[in-house]
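Written below as structure tokens is the structure these notes are about.
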Amino acid sequence: MNTQKIEEYIRGILQEIGEDLEREGIKYTPQRVARLYKNLFYRYSKKLQVMNEAERNTKVEEGIIPITIFNTEKDGLLIRKVHFISTCEHHLASITNGECWVGIIPKNKLLGMNKIDKIVKYFAAGLQIQERLTSEIIDWINNNIEPKGVIVVIKANHMCAELQGDNGHFTTSEVRGVFLDKPEARAEFLSLIR
Ligand SMILES: [Zn+2]
47 MNTQKIEEYI
57 RGILQEIGED
67 LEREGIKYTP
77 QRVARLYKNL
87 FYRYSKKLQV
97 MNEAERNTKV
107 EEGIIPITIF
117 NTEKDGLLIR
127 KVHFISTCEH
137 HLASITNGEC
147 WVGIIPKNKL
157 LGMNKIDKIV
167 KYFAAGLQIQ
177 ERLTSEIIDW
187 INNNIEPKGV
197 IVVIKANHMC
207 AELQGDNGHF
217 TTSEVRGVFL
227 DKPEARAEFL
237 SLIR
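Shown next as structure tokens:
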């Protein structure tokens with residue numbers, strides 16, 4: 047991401063909405079926004095990379111987010127809740143108060159629960175719609191650890207919908223594996239995240 051270009055474009059927007067670019071409070075806004083965008087949109091310049099336990103301490107290249115996957119004999123339900131923010135691709139408006147619950151019933155492989163935070167935040171760090179965010183997270187986990195089942199529930203507020211008079215609150219969910227055909231597995235997960 048060329049931060050200087052971003053600054054230029056932000057200056058142009060500020061000018062068009064009628065701001066005074068020399069005003070004290072605005073002066074450094076283009077630089078601040080460019081810095082903010084770097085954090086908000088890092089997924090375009092980074093990649094998740096699966097590593098096994100033996101590789102876990104090897105140095106990774108810049109732009110790689112390592113996710114260590116290890117063998118496990120656990121087969122109970124594991125749940126992680128992750129807070130996130132994102133940006134809607136239709137209006138470039140903020141998606142706030144994001145809460146993502148991930149439930150996993152592992153088969154042979156598992157990842158550290160704190161790595162789930164990295165995965166959720168990574169997929170949120172670009173322009174998104176909530177439905178795709180939900181499926182990107184569940185597909186990544188499902189494809190990489192091939193669990194017995196995985197379920198993802200996301201709740202978030204969409205600023206663009208609030209501006210249009212809606213309450214802006216959306217919930218999305220997806221399930222894979224045993225959660226598809228075992229309603230009791232879904233029920234257990236749902237009772238635990240309430
Ligand atoms: Zn929107």
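If you want the working numbering, it's the position in the sequence shown, counting the first as 1, plus 46. Virtual Cβ for every residue (Gly too), placed ideally from N, Cα, C. Fair warning: this is a prediction, and the values are worked out from it, not measured in the lab.
N- and C-terminal bounds of the alpha helix (DSSP H) containing residue i
| i | result |
| --- | --- |
| A231 | 229–239 |
| I187 | 176–191 |
| N160 | 159–170 |
Outcome for residue i when other beta-carbon atoms lying within 10 angstroms are tallied against a minimum of 16
| i | result |
| --- | --- |
| R78 | exposed |
| Y168 | buried |
| T180 | buried |
| E220 | buried |
| L156 | buried |
| A233 | exposed |
| H204 | buried |
| Q174 | buried |
| G149 | buried |
| E177 | exposed |
| N188 | buried |
| E53 | buried |
| R222 | buried |
| E182 | buried |
Limits of the unbroken beta strand (DSSP E) element including residue i
| i | result |
| --- | --- |
| K93 | 93–98 |
| G144 | 140–151 |
| N203 | 195–204 |
| G214 | Counting along the chain, G214 falls outside any beta strand (DSSP E), and DSSP gives it neither H nor E. |
Cβ-Cβ separation, residue j to residue i (assumed contact under 8 Å), whole Å
| i | j | result |
| --- | --- | --- |
| I151 | D121 | 6 Å |
| T114 | G158 | 7 Å |
| I131 | T142 | 6 Å |
| K84 | I110 | So it is not a contact: roughly 17 Å between Cβ atoms. |
| K127 | E107 | Not a contact, Cβ separation roughly 31 Å. |
| Y88 | A171 | 5 Å |
| T118 | N154 | 7 Å |
| W186 | I165 | 6 Å |
| E62 | I72 | Going by Cβ atoms, the distance from E62 to I72 rounds to 13 Å, so no, they are not a contact pair. |
| T133 | L209 | In fact, because the Cβ distance is near 14 Å, the residues do not count as touching under 8 Å. |
| C206 | H136 | 7 Å |
Cβ of residue i within 8 Å of any chain D Cβ
| i | result |
| --- | --- |
| N189 | The question asks about chain D, but that chain is absent: this structure has only one protein chain. |
Cβ-heavy atom distance, residue i to ligand 3, below 7 Å
| i | result |
| --- | --- |
| A171 | In the structure shown, ligand 3 is absent; the only ligands present are ligand 1. |
Check: Touching or not, the segment 47–60 and the segment 96–111, by the rule of three or more beta carbon pairs under 8 Å?
Finding: no
Item checked: Sufficient close CB pairs (3 or more, under 8 Å) joining the segment 194–207 to the segment 219–236 -> yes
Notebook entry, point to check: Which runs of the beta strand (DSSP E) fall wholly inside the segment 55–138 and span at least 3 residues, in chain order?
Noted result: 93–98, 110–117, 124–134
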